[in-house]
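Residues 1186 to 1649 (the numbering used here) are what the sequence shown spells out, left to right.
For glycine and all other residues, C-beta sits at the position ideal for the given N, C-alpha and C.
I have placed the structure first, in the form of structure tokens, so that the comments after it can refer back to it.
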Amino acid sequence: MKILVASFQCESNSLAKLHPQKHDFEYFRGDDIFQKLAVKEIFLEKGYEIVPTVYAVALPSGTVELDTYHYYAEQILDGVRANPDLDGVYIFFHGSMEVDEIGSGELYLLKQIKKLVSDKCLFAISLDAHANITDELTSYADIISGFKTVPHVDQVECQLRSARALVYCLENGIKPHAVTVRVPFLLKNDTLQTAYEPLKGLIEETLSLEAEADILTANLFLGHCWIDAPNTSASTVVCALNRERAEQVAKDLANKLWATRRDYRFLCEAELPEECVKRAMEGDEGRIFITDSGDNTTAGAEGDRTEILRLILAAKPEKPTCVAGITDGETVNSLWAARDGEEVSVAALGGLRAKVKSHGDILGWTKEIIGKSLTLTVGNVDVVFTEYRSAFIEKGNFDCANVDLLSYRVVVVKLGYLFTELKPFADRELFALSDGASCVELARLGLTKIMRPMFPLEDFEWRA
Ligand SMILES: [Zn+2]
């Protein structure tokens, strides 16, 4: 047996301005892809021949431009062209890659591969729980498994589940049946966590279904609300040994998921920015974090919005306060030559006078240094300007920027929920319902291409 393996991922945000460039992808070729993928042993154990191609994964960003998409997709397709006798294909996708002029990047690639291999070749894929499933996906993928955790901690298990199912089908000469049901609701991504009900119970149900002999995988996909595309919605996908069973279980799960649509809540105080700033100023907890959720760089936003910064400056805080960071290469570079302690005028803030506090670095997703940071002080407020988009997800990001996280009592970051690594430093967490490319208020996103009706934009009866 011969299996081609690849991974190509970028969670798109069609409201974000920055498109990922080729160099934004973490990229491995050949056998090096197994530094990042977990499926090698499963195929080797069976003595299968592996055709390793490409691992190309980028941080959430704007839509993927054609040139960038083809650059990586063609390398995977070259692997297929050189091995038209493939018995199986395994690809770890995100599931919400939106490509200019193409739409779903995952579907397009599967279609191209299908043209090059025999009808007997089986396709197995793994997807993020926030995948937007296209109606056609199950015509091209035989086995689909998605993460069962949000926040995601089961990426490895998800890969193994698809790979094992692929091996099982190849060994037993089975052509499985994958069925999807699109569920017409779209939820605020930040209200969905699998450790809590109602998702906890639904995920447990998918696990018991997968323990049944005729079901290979049973999945809930929550969708990704920041892509304005026809395939944007929640969905269920079931892969089973016969079609009727797959359909029945996918519909049943879809109805159960739909029934929970009013049951999702934020897990901390979630308020408009003005109220968050007010509460942060008045609160007497040791350290209060505000997350600027509409400008969440880990969800593809630029991190360049200054509304909350302006509210903080206007409040003239008595407590030491830090805003980390604001993406603004122009400010960093134009003021970089100023020494620490020097007074400067900040053009981006209407010529406001500030003192240079420190020069530092910013870290990329894989913790490598990707650019400079410049921290300026106005009264009791330190503002970390960053040369490029970055995310302050743990203390190490502050250390690198040469600011002491522990010295602040109010900290603003460009995130949705705080990452687990920051939680120990937060005595209180305020989730700011702010505007931007990752705004959680669906009605304010101006989506025009999604299927309608869509809960909660419309309230209606529905049954799978
Ligand atoms: Zn996700």
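Check: residue i C-beta below 7 Å from any heavy atom of ligand 1
| i | result |
| --- | --- |
| A1314 | yes |
| H1204 | no |
| H1337 | yes |
Span of the beta strand (DSSP E), counted from its first residue to its last, around residue i
| i | result |
| --- | --- |
| S1197 | 1187-1197 |
| P1245 | 1234-1246 |
| A1431 | Element bounds for A1431: not the beta strand (DSSP E) but the alpha helix (DSSP H), 1428-1444. |
| D1617 | One point to set straight first is that residue 1617 is Ala, not Asp, in the sequence displayed. From DSSP, the beta strand (DSSP E) with A1617 extends over 1613-1617. |
| G1331 | 1328-1331 |
| D1546 | 1537-1548 |
| N1404 | 1400-1406 |
| S1558 | 1554-1563 |
| G1510 | 1506-1512 |
| S1420 | 1419-1425 |
| G1273 | 1273-1278 |
| E1356 | Note, E1356: premise wrong, no beta strand (DSSP E); alpha helix (DSSP H) at 1340-1357. |
| S1623 | Counting along the chain, S1623 falls outside any beta strand (DSSP E), and DSSP gives it neither H nor E. |
| L1222 | First-last for L1222: undefined, no H or E at that position. |
| S1530 | 1528-1531 |
Opening and closing residue of the alpha helix (DSSP H) in which residue i lies
| i | result |
| --- | --- |
| L1600 | Note, L1600: premise wrong, no alpha helix (DSSP H); not H, not E. |
| K1296 | 1290-1299 |
| E1459 | 1458-1467 |
| E1230 | 1225-1230 |
| G1386 | 1384-1395 |
| H1255 | 1251-1266 |
| A1499 | 1492-1500 |
Sub-8 Å separation of residue i and residue j beta-carbons
| i | j | result |
| --- | --- | --- |
| I1328 | L1351 | yes |
| F1254 | A1241 | Looking at the sequence provided, one finds Tyr at residue 1254 rather than Phe. It is not a contact, given that the beta carbons lie outside the stated cut-off. |
| L1377 | T1391 | no |
| K1540 | I1547 | no |
| T1483 | I1497 | no |
| T1491 | I1473 | no |
| T1379 | V1422 | no |
| T1323 | A1348 | no |
| V1239 | I1261 | yes |
| L1132 | I1359 | Only positions 1186 to 1649 of the chain appear in this structure, which leaves residue 1132 out of reach. |
| L1355 | N1268 | no |
| K1463 | R1594 | no |
| E1234 | K1187 | yes |
| G1247 | N1317 | no |
| N1440 | R1266 | no |
| F1610 | K1580 | yes |
| G1468 | S1623 | no |
| N1587 | T1560 | yes |
| F1277 | L1222 | yes |
| P1394 | V1335 | This sequence places Leu at residue 1394; Pro is not what is there. Result no, Cβ atoms of L1394 and V1335 do not sit closer than 8 Å. |
| T1516 | A1533 | yes |
| V1625 | D1375 | yes |
| L1401 | L1442 | no |
| G1526 | C1585 | no |
Cβ distance (whole Å) where residue i is taken to contact residue j below 8 Å
| i | j | result |
| --- | --- | --- |
| E1313 | G1280 | In the sequence as presented, Glu is not what sits at residue 1313; that position holds Asp. Right, the Cβ-Cβ distance comes to about 5 Å (below 8 Å), so this counts as a contact. |
| N1565 | P1502 | 5 Å |
| T1476 | L1600 | 5 Å |
| K1305 | Y1325 | Incorrect: roughly 14 Å between the Cβ atoms, too far for contact. |
| T1417 | I1635 | 5 Å |
| A1617 | C1453 | A1617 to C1453, Cβ: 11 Å. No contact. |
| E1470 | R1613 | 4 Å |
| V1569 | L1494 | With 8 Å as the limit, V1569 and L1494 do not qualify as a contact, their Cβ atoms being about 10 Å apart. |
| M1282 | C1195 | 5 Å |
| S1530 | R1524 | 15 Å between Cβ atoms; not a contact. |
| R1428 | G1488 | Rounded, the Cβ-Cβ distance is 46 Å, inconsistent with contact. |
Cβ neighbour criterion (16 or more within 10 Å) applied to residue i
| i | result |
| --- | --- |
| K1333 | buried |
| A1628 | exposed |
| L1407 | buried |
| R1450 | exposed |
| G1331 | buried |
| L1229 | exposed |
| W1521 | exposed |
| D1480 | buried |
| V1368 | buried |
| L1590 | buried |
| L1244 | buried |
| A1444 | exposed |
| H1131 | As displayed, the chain neither begins before 1186 nor continues past 1649, which places residue 1131 out of reach and without an answer. |
| Q1220 | exposed |
| N1357 | exposed |
| L1399 | The sequence shown places Asp at residue 1399, not Leu. Classification for D1399: exposed. |
| E1572 | buried |
| D1513 | buried |
| S1311 | buried |
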